[in-house]
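Residue numbers (my numbering): 0 to 239. Virtual Cβ for every residue (Gly too), placed ideally from N, Cα, C.
Spelled out as structure tokens, the structure:
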């Protein structure tokens, strides 16, 4: 397979950070709501960035709540945040093959920056698009990455951990790939949408890269002050 670029989701795909999000949301919301929200209640609000979620939860004091959230997020991220084992190997292999790498995440810019910095992921990516307070904007963000790179959608893959990631990839004509290695992933739901491949482990993804992706001339990538873009307003193998 000839690829010019690969784009990744963050939480549940590159990073094992859902637990960090849940703790931070509970801690930030408790002073304003008087209750502790379950993981499921928090997941049900996913779509907008954290800024948008908190604007809906506590509209009059969301900025104060966001400060509490980011403080807790950074602290808990240092304590339990991590990349999934093998992720750096996969990213390094893709870079060796000359594939350009980017991130499109629904996270807000501040929490995404914390994750990328603390986990040392910045050197792998030259383009990072974050979410919007208004709602899901992954289609538009993927399009922005493709435009920035100047590459064709059908020579770019997007790897995410939920069905909506597959749908966003298809909407722009990119190649949909699915990561089912997080404990919260629903592998059956992902397979029901027929992405090109579903990976139950990072090792399967690494094997797929080595067996399927054709190396190209190395691309120049690395940490870049412009890597983070401003939020956009809304609108038959073992790995198969």
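In this structure, does DSSP put residue i in helix, strand or coil?
i, result
"residue 150", "coil"
"residue 24", "helix"
"residue 104", "coil"
"residue 0", "coil"
"residue 131", "strand"
"residue 198", "strand"
"residue 19", "helix"
"residue 69", "helix"
"residue 12", "coil"
"residue 214", "coil"
"residue 74", "helix"
"residue 82", "strand"
"residue 36", "coil"
"residue 45", "coil"
Buried or exposed: where does residue i fall if 16 or more other Cβ atoms within 10 Å of its Cβ makes it buried?
i, result
"residue 48", "buried"
"residue 230", "The predicted position of residue 230 is uncertain, since its pLDDT is 45 and thus under 50; a value taken from the coordinates is nonetheless stated next. Classification of residue 230: buried, given that the 10 Å Cβ count is 16 or more."
"residue 1", "exposed"
"residue 149", "exposed"
"residue 12", "buried"
"residue 58", "exposed"
"residue 214", "exposed"
"residue 79", "exposed"
"residue 184", "buried"
"residue 23", "buried"
"residue 210", "exposed"
When the Cα atoms are used, what is the spatial distance from residue i to residue j?
i, j, result
"residue 83", "residue 34", "31 Å"
"residue 197", "residue 168", "14 Å"
"residue 42", "residue 111", "17 Å"
"residue 276", "residue 151", "This structure gives no information on residue 276, because the portion of the chain shown stretches from 0 to 239."
"residue 91", "residue 85", "10 Å"
Looking at the secondary structure, which residues open and close the alpha helix (DSSP H) in which residue i lies?
i, result
"residue 120", "From DSSP, residue 120 is part of no alpha helix (DSSP H); its letter is neither H nor E."
"residue 92", "86 to 95"
"residue 189", "186 to 191"
"residue 98", "Run containing residue 98: none; DSSP gives neither H nor E here."
"residue 51", "49 to 56"
"residue 59", "That residue, residue 59, is in no alpha helix (DSSP H); it is neither H nor E in DSSP."
"residue 162", "162 to 170"
Looking at the secondary structure, which residues open and close the beta strand (DSSP E) in which residue i lies?
i, result
"residue 155", "155 to 159"
"residue 179", "Segment: none, residue 179 is in no beta strand (DSSP E) and carries neither H nor E."
Does the segment 60 to 67 come into contact with the segment 22 to 31, if we say contact requires no fewer than three beta-carbon pairs (one atom in each stretch) closer than 8 Å?
yes
Notebook entry, point to check: Are there three or more Cβ pairs, one per stretch, closer than 8 Å when the segment 94 to 108 is compared with the segment 7 to 17?
Noted result: yes
- Query: Hey, is the segment 172 to 191 in contact with the segment 144 to 162, meaning 3+ C-beta pairs nearer than 8 Å?
  - Reply: Enough Cβ pairs lie closer than 8 Å, so yes.
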